[in-house]
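Student: Taking full-length UniProt numbering, I'd label the letters of the sequence shown as residues 1 to 284. Sharing a structure below in structure tokens format, with a few things to ask.
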Amino acid sequence: ETQINPELTGYGQFELDLEASNRHNPDQTRLAYAGLSYKDFGSFDYGRNVGVAYDAEAFTDMFVEWGGDSWAGTDLFMTNRTNGVATYRNTDFFGMVEGLNFALQYQGKNEGTGNYKANGDGHGLSATYTIDGFSFAGAYANSDRTDWQSGDGKGERAEVRALSTKYDANNVYAAVMYGESHNMNSDDGDVVNKTQNFEAVLQYQFDFGLRPSIGYSYSKALDVAGYKDSDRLNYIEIGTWYYFNKNMNVYTAYQINLLDKSDYVLAHGQNTDDQLAVGIVYQF
């Protein structure tokens, strides 16, 4: 971040994902963007950044290990980290309404990341409002599908809309999210006409460092040719962090998979097994 003058600030961010345990996996750029911020008039940046649809997903993407996976995904239009987005963000509504923020975003066509991670031109918007520990968010994004993607006959546009709310105060974190997507999410290469998605999470931070968490993630596929409406994701995560200090923590999480072995699930190779995760984090 660079202060250009008393009212204008330049900023940027670059993040690279290095997987030392897998030498065959190429390094991945997580974020790479630069922009300008002008006092109460907001900020504008361009590059590889987070899509505005994620503003609603972020409230429940707080699980210990999993979560944030019912409709959002990396390089999936404007639902998470993605390429070529121009983003305008405004905080406190031009300095006139404390806690009211909004964002507008445009994404150019990207076809260099593979057919399923490509996108056509798109636009999105989001708004959040925070008061007395409560926050509310809404987001919408609509994009052209590429010629290759729309060749499946399921429509020329991909769309998502989502609403969420959270409470974050008095050592308690609680959030819920509901979202719908159209021609956006896919299972084993088969694009789903429509999904209905729900996520919830509840956590408590104890003073001695323990932070237990319970979360629920659910997604249903609708209007799928050849199949009845079917659950495509359905699990509970129970886990906890333990913070030794501000730099170091350990965590564990167990996923209770509630997904039935329906014809759709079996045909698309969905995971139906429970899973366990453990880890240690040190932040420099």
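Each residue gets a CB set at the ideal place from its N, CA and C atoms; glycine is no exception. Predicted model, so just to flag it, every value in this text is computed and none were measured.
Say whether the stretch 86-101 touches the stretch 60-75, bearing in mind that this needs 3 or more beta-carbon pairs closer than 8 Å, one atom from each stretch.
Tutor: At 8 Å Cβ cutoff, the stretches do not touch.
Student: If residue 116 sits next to residue 186, beta carbons under 8 Å apart, how far is it from one beta carbon to the other, in whole angstroms?
Tutor: Sure, about 6 Å apart at Cβ, within 8 Å.
Student: Taking the C-alpha atoms as reference points, what is the distance between residue 243 and residue 201?
Tutor: In a straight line, the C-alpha of residue 243 is about 19 Å away from that of residue 201.
Student: Look at residue 221 and residue 176 and say whether their C-beta atoms are less than 8 Å apart.
Tutor: No, the pair does not count as a contact, with Cβ atoms beyond the cut-off.
Student: For residue 211, which residues of its own chain have a beta-carbon under 8 Å away from its beta-carbon, when the five flanking residues on both sides are left out?
Tutor: Cβ within range, chain order: 203, 204, 205, 240, 241, 242, 243.
Student: Exposed or buried, what is residue 245 when buried is set at 16 or more other beta-carbons lying within 10 Å of its beta-carbon?
Tutor: The residue in question, residue 245, is exposed, as its Cβ has fewer than 16 Cβ neighbours within 10 Å.
Student: By alpha-carbon positions, which one of 151, 143, 276 ends up nearest to residue 160?
Tutor: That would be 143, whose Cα lies nearest to the Cα of residue 160.
Student: Measuring only between beta-carbons, confirm whether residue 86 sits less than 8 Å from chain C.
Tutor: Of the protein chains in this structure there is only one, and it is not chain C.
Student: Measuring alpha carbon to alpha carbon, tell me which residue in 255, 227, 256 is nearest residue 267.
Tutor: Minimum Cα distance to residue 267 is reached at 227.
Student: Leaving out the 5 sequence neighbours to the left and right, which residues in its chain are closer than 6 Å to residue 215 when beta-carbon positions are compared?
Tutor: Only 63, 67, 201, 237 meet the Cβ criterion.
Student: Looking only at its own chain, which residues have a Cβ that is under 6 Å from the Cβ of residue 262, when we skip the five neighbours before and after it?
Tutor: Around residue 262: 230.
Student: Using a Cβ-Cβ cutoff of less than 6 Å, which residues in the same chain neighbour residue 134 once the five nearest sequence positions on both sides are dropped?
Tutor: The residues are 167.
Student: Considering Cα atoms alone, identify which of 178, 273, 38, 119 is closest to residue 285.
Tutor: As shown, the chain starts at 1 and ends at 284. That puts residue 285 outside it, with no answer to give.
Student: Which of the three DSSP states, helix, strand or coil, is assigned to residue 227?
Tutor: Three-state result, residue 227: coil.
Student: Is it right to say residue 139 is buried, meaning 16 or more other beta carbons lie within 10 angstroms of its own, or is it exposed?
Tutor: That one is buried.
Student: For the beta strand (DSSP E) holding residue 44, just list the boundary residues, first then last.
Tutor: Unbroken beta strand (DSSP E) run through residue 44: 43-50.
Student: In whole angstroms, give me the CA-to-CA distance for residue 57 and residue 257.
Tutor: Cα to Cα, residue 57 sits roughly 21 Å from residue 257.
Student: So the candidates are 12, 9, 15, 72; which of them puts its Cα closest to the Cα of residue 178?
Tutor: When only C-alpha atoms are compared, the closest one is 72.
Student: I'd like to confirm the pairing. Which residues does DSSP put opposite residue 212 in its beta bridges?
Tutor: 240, per the DSSP bridge assignment.
Student: Whole angstroms is fine: what's the gap from residue 9's alpha carbon to residue 40's?
Tutor: Cα-Cα distance, rounded: 12 Å.
Student: In whole angstroms, what is the alpha-carbon distance linking residue 288 and residue 1?
Tutor: For the chain, the structure presents residues 1 to 284; residue 288 sits outside this window and is missing.
Student: Could you check which residue in 30, 52, 103, 15 has the C-alpha nearest to that of residue 42?
Tutor: Taking only the C-alpha atoms, the option nearest residue 42 is 103.
Student: Quick one: what's got a C-beta closer than 6 Å to residue 169's C-beta in the same chain, skipping five residues either side?
Tutor: Taken in chain order, the residues that qualify are 133.
Student: Under the rule that 16 or more other beta-carbon atoms within 10 Å means buried, what is residue 124, buried or exposed?
Tutor: So residue 124 ends up on the buried side.
Student: Please give me, in chain order, every unbroken run of the beta strand (DSSP E) with length at least 3 that falls completely inside the stretch 36-110.
Tutor: With a minimum length of 3 residues, the continuous beta strand (DSSP E) runs that stay inside the stretch 36-110 are 43-50, 81-90, 100-107.
Student: Could you tell me the distance, in whole angstroms, from the CA atom of residue 251 to the CA atom of residue 130?
Tutor: Taking the straight line from one Cα to the other gives about 29 Å.
Student: Given this structure, state the Cα-to-Cα distance separating residue 154 from residue 213, to the nearest angstrom.
Tutor: C-alpha separation (whole angstroms): 38 Å.
Student: Pick from 55, 35, 171, 19: whose alpha carbon is nearest that of residue 48?
Tutor: The shortest Cα separation from residue 48 among 55, 35, 171, 19 belongs to 35.
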